[in-house]
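Visitor: In case it helps, the UniProt record's numbering puts the sequence shown at residues 1 to 255. Every residue, glycine too, gets a C-beta built ideally from N, C-alpha and C. This structure is a prediction, so every number in the text was calculated from the model and none was measured.
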Amino acid sequence: MTVIFQEKFIYMPYMPPFARSEKIEDYEASCKPVEWVEERIRSLDGTKISLAVGRVTGDEDSSQRHAALEKATHITRRKEVIVCYFQGNGSSTPPRLPLLSQVMKLLHARRQPNVQYTLVALSYRGFWTSSGKPTEPGIQLDAQALLKHLETTYGSKPGADVEVILWGQSVGAGVAATAAATYLTQQRQAGENSTLPVTGLIMETPFTSIKKMAAVSVSSSLSAQPLEQRNGIKPLGRSGSREETTDFIPARYKG
1 MTVIFQEKFI YMPYMPPFAR SEKIEDYEAS CKPVEWVEER IRSLDGTKIS
51 LAVGRVTGDE DSSQRHAALE KATHITRRKE VIVCYFQGNG SSTPPRLPLL
101 SQVMKLLHAR RQPNVQYTLV ALSYRGFWTS SGKPTEPGIQ LDAQALLKHL
151 ETTYGSKPGA DVEVILWGQS VGAGVAATAA ATYLTQQRQA GENSTLPVTG
201 LIMETPFTSI KKMAAVSVSS SLSAQPLEQR NGIKPLGRSG SREETTDFIP
251 ARYKG
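1. Roughly how many whole angstroms lie between the Cα atoms of GLY58 and ALA145?
2. For the beta strand (DSSP E) containing ILE41, name the first residue and the last one.
3. Out of GLU22, LEU201, GLY172, ILE41, point me to the one whose CA is closest to PHE207's CA.
4. Which residues mark the beginning and the end of the beta strand (DSSP E) in which ARG55 is found?
5. What would DSSP say about GLN116, mapped onto helix, strand or coil?
6. Do THR199 and GLU151 have their C-beta atoms closer together than 7 Å?
7. Check for me: the beta strand (DSSP E) holding LYS79 runs from which residue to which?
8. If you follow the alpha helix (DSSP H) that GLY138 is in, where does it begin and where does it stop?
9. Between which two residues does the beta strand (DSSP E) holding residue 329 run?
10. GLU22 by DSSP, collapsed to three states: which one?
11. Would TRP36 pass as a contact of ILE49 if the rule is Cβ separation under 7 Å?
12. Name the one or two DSSP bridge partners that TRP167 has.
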């Protein structure tokens with residue numbers, strides 16, 4: 001019975017009540033100076049999915065510093081760093097925006113003058129205003145669709161200097177790791193040089209499998225392992241207490 005209804009246990013877009021009717025405008029005051037807008041794209045199977053895209057706005061001092069840097073160093077190209085956020089298994093995107101805005105403000109305050117940060121929060125199918133029902137294969141398609149969208153939107157610009165960092169929380173850590181593994185593997189097989197390099201992976205409170213997270217055996221590939229298994233990439237750190245994470249991080253990397 002647990003296996004039959006596993007999607008209901010793992011994905012809870014309906015919690016708390018009215019989560020899917022949340023609006024960005026309700027959290028605007030808590031997010032300033034980060035401005036968030038909702039965008040819609042299609043997943044690889046045609047499902048409509050929503051994104052929340054955030055940038056720090058109204059920073060005149062930043063423009064002045066960038067102009068001064070251009071004059072002093074002859075650097076005219078702005079570097080774009082895109083942080084892709086993959087949420088956990090419940091709630092909606094808008095309530096997460098104040099916390100994500102705090103991260104954006106920290107990044108903005110510590111950046112180089114020619115660096116622009118953008119944070120893109122993916123709303124999985126069935127969550128917030130996205131269509132469809134949440135399933136593991138479907139969410140993996142959503143993540144790949146996001147990377148392809150960013151590649152087309154940012155990586156295809158002439159002279160683009162773009163890099164992507166994937167940040168996943170809880171179930172989203174597995175989504176991020178699987179997305180990175182799939183994306184890098186496809187590029188390697190195609191023998192292509194990426195216009196949208198994935199340069200970082202943040203896994204917040206990850207787990208290796210649903211089986212280790214719960215006391216039942218439920219089949220799932222949304223784990224933190226595929227990136228290491230397919231690409232030989234070792235994670236260098238973890239967040240979360242011993243109770244929140246499983247023993248996947250090699251001992252030599254643990255603090």
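Guide: In short, the structure shows the following:
1. 30 Å
2. 34 to 42
3. GLY172
4. 48 to 56
5. strand
6. no
7. 79 to 86
8. 136 to 150
9. The requested residue 329 is not part of the displayed model; the chain covers only 1 to 255.
10. coil
11. no
12. TYR85, ILE202
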